[in-house]
Amino acid sequence: MSSRTELTFCRICEATCGLKATIEGNRVVALEPDHDHMVTKGYSCIKGLRYHEIHHSPDRLRVPLKRIGDRFEEISWDQALEEIGAKVRQLVNDHGGDSVSAYLGNPISFSLLPPILTSAFLQGLGSRNLFQTGSQDCNNKFAAAQRVYGFPFIQPFPDIDRTQCLIMIGSNPAVSRSSFMQLPDPIRRLRAIERRGGTVFLVNPRRTETAKQMGTQVFIRPDTDLYFLLSFLSSAATRSITSVSAAT
Ligand code: SF4
57 MSSRTELTFC
67 RICEATCGLK
77 ATIEGNRVVA
87 LEPDHDHMVT
97 KGYSCIKGLR
107 YHEIHHSPDR
117 LRVPLKRIGD
127 RFEEISWDQA
137 LEEIGAKVRQ
147 LVNDHGGDSV
157 SAYLGNPISF
167 SLLPPILTSA
177 FLQGLGSRNL
187 FQTGSQDCNN
197 KFAAAQRVYG
207 FPFIQPFPDI
217 DRTQCLIMIG
227 SNPAVSRSSF
237 MQLPDPIRRL
247 RAIERRGGTV
257 FLVNPRRTET
267 AKQMGTQVFI
277 RPDTDLYFLL
287 SFLSSAATRS
297 ITSVSAAT
């Protein structure tokens, strides 16, 4: 079967790495990094390169399943919408809109429409309860942006490629890929700081996978970040610091 190559990008995290997809018929048979991508320049991680296996997995849910006893039975979309709709209506009538919540996982959070439509759906029900992966580790950034800039999605990113001294608090980019900082290929770009004579401090209670590869580890007692930051702010050393990151 003949194959063709399409340019695309990974939707799993904010780094949105450029990829090349090899397609046979209607199947993606391989994903590889796009070395000509102007931002990610051939960088990608194993999650993105194997994503077609999830897309074509036989375990993927493609039809509604209803639990009947200890097994799941396939039902039609009409039946699913009717039964679930009736249940949701009953919950809202009996307990109010906040009795319904939604959770957006990853990567659906990075699709355009699901977060917008889920948010509108909950607003229509009168619910304030929308949760997502960020509810566990980074909602504070959105709340701070709302207060500082007036909109939660306006986020400041450190200018890593021009930074001379970087302090990363609680970050482990070798694992997280620093996707929240929109920083594809983070280890290469952090090493570049050291190569141009700068310093990268990694503040963490444990020796992270990142610290094993680069940077200067600064151990910290858990739950003392506040004191660290306060003492840091009052120190004259802050004058020479150009970037502080607390991204995951
Ligand atoms: S870092 Fe990995 S998961 Fe994130 S966009 Fe790139 S390939 Fe996808």
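Residue numbering for the sequence shown is 57 to 304, as defined by the numbering used here.
All C-beta atoms, glycine included, are put in the ideal place defined by N, C-alpha and C.
Taking the alpha-carbon of residue i as reference, which of the options has the nearest alpha-carbon?
{"i": "M224", "options": "A267, S183 and F209", "result": "A267"}
{"i": "L285", "options": "Q269, Q273, T272 and V259", "result": "V259"}
{"i": "G104", "options": "R233, V274, T272 and I276", "result": "R233"}
{"i": "G271", "options": "L282, R116 and A248", "result": "A248"}
{"i": "I276", "options": "Y283, S290, L282 and P261", "result": "P261"}
{"i": "V95", "options": "N82, D217 and Q135", "result": "D217"}
Output the distance between the C-alpha atoms of residue i and residue j, rounded to the nearest integer angstrom.
{"i": "K122", "j": "Q211", "result": "41 Å"}
{"i": "V84", "j": "R67", "result": "15 Å"}
{"i": "V231", "j": "I243", "result": "10 Å"}
{"i": "T64", "j": "L246", "result": "26 Å"}
{"i": "H93", "j": "A199", "result": "33 Å"}
{"i": "P278", "j": "F209", "result": "29 Å"}
{"i": "R78", "j": "P171", "result": "The sequence shown places Thr at residue 78, rather than the Arg named in the question. Those two C-alpha atoms are separated by around 29 Å."}
{"i": "Q269", "j": "H111", "result": "33 Å"}
{"i": "Q146", "j": "D215", "result": "51 Å"}
{"i": "V274", "j": "N228", "result": "13 Å"}
{"i": "V119", "j": "L137", "result": "12 Å"}
{"i": "P114", "j": "E265", "result": "34 Å"}
{"i": "E62", "j": "D90", "result": "10 Å"}
{"i": "E129", "j": "Q179", "result": "31 Å"}
{"i": "A303", "j": "W133", "result": "Confidence in A303 is poor, its pLDDT being 48 and thus under 50, which makes the residue's placement unreliable; the coordinate value appears in the next sentence. Spanning the two alpha carbons is a distance of roughly 41 Å."}
{"i": "L169", "j": "A176", "result": "10 Å"}
{"i": "F288", "j": "E250", "result": "22 Å"}
{"i": "Y107", "j": "I140", "result": "30 Å"}
{"i": "V148", "j": "A142", "result": "10 Å"}
{"i": "R116", "j": "I131", "result": "16 Å"}
{"i": "L282", "j": "F207", "result": "25 Å"}
{"i": "S291", "j": "N82", "result": "60 Å"}
{"i": "A86", "j": "M57", "result": "14 Å"}
Which two residues bound the contiguous alpha helix (DSSP H) that contains residue i?
{"i": "E265", "result": "It is not in any alpha helix (DSSP H) - E265 carries neither H nor E in the DSSP assignment."}
{"i": "N195", "result": "N195 to Y205"}
{"i": "P229", "result": "P229 to S232"}
{"i": "R245", "result": "P242 to R251"}
{"i": "V144", "result": "W133 to H151"}
{"i": "Y107", "result": "Y107 to H111"}
Between which two residues does the beta strand (DSSP E) holding residue i run?
{"i": "L222", "result": "C221 to I225"}
{"i": "Y283", "result": "First-last for Y283: D281 to L289, but that is the alpha helix (DSSP H), not the beta strand (DSSP E)."}
{"i": "S30", "result": "Any question about residue 30 goes unanswered here, given that the chain covers just 57 to 304."}
{"i": "T174", "result": "First-last for T174: L169 to L181, but that is the alpha helix (DSSP H), not the beta strand (DSSP E)."}
So, under 8 Å CB-CB, residue i and residue j are touching, yes? Tell me the CB distance rounded to an integer number of Å.
{"i": "S157", "j": "F187", "result": "6 Å"}
{"i": "T189", "j": "G161", "result": "6 Å"}
{"i": "E88", "j": "S59", "result": "About 13 Å; that fails the 8 Å criterion."}
Beta-carbon of residue i versus every beta-carbon of chain D: anything under 8 Å?
{"i": "E109", "result": "The displayed structure is made up of one protein chain only, and chain D is not part of it."}
> Three or more C-beta pairs closer than 8 Å, one from the region 183-194 and one from the region 148-155: is that the case here?
Replying inline: Yes, the region 183-194 is in contact with the region 148-155.
> Are there three or more Cβ pairs, one per stretch, closer than 8 Å when the region 99-109 is compared with the region 121-139?
Replying inline: No contact exists between the region 99-109 and the region 121-139.
> Counting Cβ pairs, one atom from each stretch, are 3 or more of them under 8 Å apart for the region 193-212 and the region 161-170?
Replying inline: Between the region 193-212 and the region 161-170 there are fewer than three C-beta pairs closer than 8 Å, too few to call the two in contact.
>> Taking contact to mean 3 or more Cβ pairs, one atom from each stretch, closer than 8 Å, check whether the region 243-254 and the region 211-222 are in contact.
In response: Yes, the region 243-254 is in contact with the region 211-222.
>> For the region 231-241 against the region 62-77, do three or more pairs of beta-carbon atoms, one drawn from each stretch, fall closer than 8 Å, so that the two count as touching?
In response: Counting Cβ pairs under 8 Å, three or more are found: they touch.
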